[in-house]
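K.L.:
Take this structure, written in structure tokens, and hold onto it; I'll ask about it next.
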Amino acid sequence: MPEDPYRVPGIREYREAVQPAEILGRKNYEHWLGPLVMRHLSPYVSRTCVRLGMSPNQVTGLMILTAVAAAASLLVPGVWGPVLALGFGQLQLLLDCADGEVARWRKLTSPKGIFLDAVAHYTAEGLIPLFLGLRAALLVEPAQWQWAALGGALSLLLIYNKVLNEMVHVARAKYGLALIKEDPEAAAPVRSGVRTLRNLANLLPIQRMFHWVELTFWCLLAGVTGLFVGQQPAAVGLLMILTPLAALTLVGHFVAIMSSSKLRAQ
Numbered sequence: 345m346p347e348d349p350y351r352v353p354g355i356r357e358y359r360e361a362v363q364p365a366e367i368l369g370r371k372n373y374e375h376w377l378g379p380l381v382m383r384h385l386s387p388y389v390s391r392t393c394v395r396l397g398m399s400p401n402q403v404t405g406l407m408i409l410t411a412v413a414a415a416a417s418l419l420v421p422g423v424w425g426p427v428l429a430l431g432f433g434q435l436q437l438l439l440d441c442a443d444g445e446v447a448r449w450r451k452l453t454s455p456k457g458i459f460l461d462a463v464a465h466y467t468a469e470g471l472i473p474l475f476l477g478l479r480a481a482l483l484v485e486p487a488q489w490q491w492a493a494l495g496g497a498l499s500l501l502l503i504y505n506k507v508l509n510e511m512v513h514v515a516r517a518k519y520g521l522a523l524i525k526e527d528p529e530a531a532a533p534v535r536s537g538v539r540t541l542r543n544l545a546n547l548l549p550i551q552r553m554f555h556w557v558e559l560t561f562w563c564l565l566a567g568v569t570g571l572f573v574g575q576q577p578a579a580v581g582l583l584m585i586l587t588p589l590a591a592l593t594l595v596g597h598f599v600a601i602m603s604s605s606k607l608r609a610q
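Written out as structure tokens, the structure is:
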């Protein structure tokens, strides 16, 4: 930790310290808006957090709150609900960059921080589809609760799909294998037929639709569409598109894991 962790240098020197090349080069770990926009803005945010004496976990706590706010915003009637959801989603992405920068500057990394970061991601990707379903259910009188149930099903599919990766780590740890890193070779299916299907699926990466930032974009698109067809039909239409695609993605993810070398005994 620096001699006085609450005093930071100018923005250029600070940026070099908290955004080393190995961080900026993690293309598979970040949403595309990260290197395009947020990594240019986040040093100003994280530098302010350092000056205020905030810990990395406190910044991640704000990230969790913005995830809840993004989802809850969908209950606001009209197009303004999705607009707010998009705004909070962008703020969450910015804080997602900033908490790691605070941790690198103050040299305060911990398992608790990794856990809280995962909580923030799961909260966003679980609650946004759930509240989308509530939006579709509550925008009409009387409420149509079947759409809330569909939103819950979509939420479950997305969480299940996300947790499959954690199941891989747990299975390897229980078997006594080393922690697996992000490795295209390890993730590649062993069987040629499955590998061909995976390559075809990568031409249209449906799974990327379900990142929390992308979900807020889709909600905004539905909100704009709702200006012409009605907000409730637009929300229902989005649910009916996303849910079968999420189910297809879950099945494909499961098959890809089972056919890869990730779970191979060594």
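Counting in this note's numbering, the sequence shown runs from 345 upward without gaps. No residue lacks a Cβ here, since even glycine has one placed at the ideal position from N, Cα and C.
In chain order, what residues of the same chain lie with their CB nearer than 7 Å to the CB of Leu-508, ignoring the 5 residues before and after it?
P.N.:
His-597, Phe-598 and Ile-601
K.L.:
I'd like to know if the stretch 416-434 and the stretch 445-459 are in contact, where contact means that at least 3 CB-CB pairs between them fall below 8 Å.
P.N.:
no
K.L.:
What are the boundary residues of the alpha helix (DSSP H) that includes Glu-558?
P.N.:
556-573
K.L.:
What is the rounded straight-line gap between the Cα of Ala-493 and the Cα of Leu-586?
P.N.:
14 Å
K.L.:
For Trp-491, count neighbouring C-beta atoms within 10 Å of its own C-beta (all shown protein chains included) and say buried if the count is 16 or more, exposed if not.
P.N.:
buried
K.L.:
Given 8 Å as the limit, is there contact between the stretch 454-470 and the stretch 500-516, that is, 3 or more CB pairs closer than that?
P.N.:
Because the criterion of three Cβ pairs below 8 Å is met, the stretch 454-470 and the stretch 500-516 touch.
K.L.:
So, is Met-614 buried or exposed, given that buried needs 16 or more other C-beta atoms within 10 angstroms?
P.N.:
Residue 614 is absent from the structure shown; the chain starts at 345 and stops at 610.
K.L.:
Which word fits Pro-346, buried or exposed, when buried means at least 16 other C-beta atoms lie within 10 angstroms of its C-beta?
P.N.:
In this prediction, Pro-346 has a pLDDT of 49, which is less than 50 and means its spatial position is unreliable; what the coordinates show is noted afterwards. By the neighbour-count rule (16 or more Cβ atoms within 10 Å), Pro-346 is not buried but exposed.
K.L.:
Give me the Cα-Cα distance between Ser-390 and Gln-488, rounded to the nearest whole angstrom.
P.N.:
43 Å
K.L.:
Say whether the stretch 450-461 touches the stretch 479-487, bearing in mind that this needs 3 or more beta-carbon pairs closer than 8 Å, one atom from each stretch.
P.N.:
no
K.L.:
From what residue to what residue does the alpha helix (DSSP H) around Gly-457 run?
P.N.:
Per DSSP, Gly-457 is one residue of the alpha helix (DSSP H) stretching across 455-482.
K.L.:
From the DSSP output, in three-state form, read off Gly-405 for me.
P.N.:
helix
K.L.:
Determine the direct distance from the alpha carbon of Leu-592 to that of Met-553, and round the result to whole angstroms.
P.N.:
Between Met-553 and Leu-592, the C-alpha separation is close to 12 Å.
K.L.:
Could you give the distance in angstroms between the alpha-carbon of Ile-408 and the alpha-carbon of Leu-437?
P.N.:
11 Å
K.L.:
Is the CB-CB distance between Gly-433 and Val-568 below 8 Å?
P.N.:
no
K.L.:
Would you mind reading off the limits of the alpha helix (DSSP H) that contains Ala-515?
P.N.:
489-519
K.L.:
Measuring CA to CA, which of Val-514, Thr-453 and Arg-516 is closest to Val-403?
P.N.:
Thr-453
K.L.:
Which same chain residues end up closer than 8 Å to Tyr-519 when comparing Cβ atoms and leaving out the 5 residues on each side of it in sequence?
P.N.:
Ala-609
K.L.:
Tell me the DSSP secondary structure of Ser-603 in three-state form.
P.N.:
coil
K.L.:
Between which residues of its own chain and Asn-401 is the CB-CB distance below 6 Å, once the five residues before and five after are set aside?
P.N.:
Gly-457 and Leu-460
K.L.:
Please classify Phe-475 as buried or exposed, where buried requires at least 16 neighbouring CB atoms within 10 angstroms.
P.N.:
buried
K.L.:
Report the three-state DSSP secondary structure of Glu-357 (helix, strand or coil).
P.N.:
helix
K.L.:
Just the Cα atoms here: how many angstroms apart are Val-595 and Ser-603?
P.N.:
12 Å
K.L.:
Per DSSP, what kind of secondary structure is Arg-391 in: helix, strand or coil?
P.N.:
Helix at Arg-391.
K.L.:
Residue range of the alpha helix (DSSP H) that Arg-448 falls in?
P.N.:
424-450
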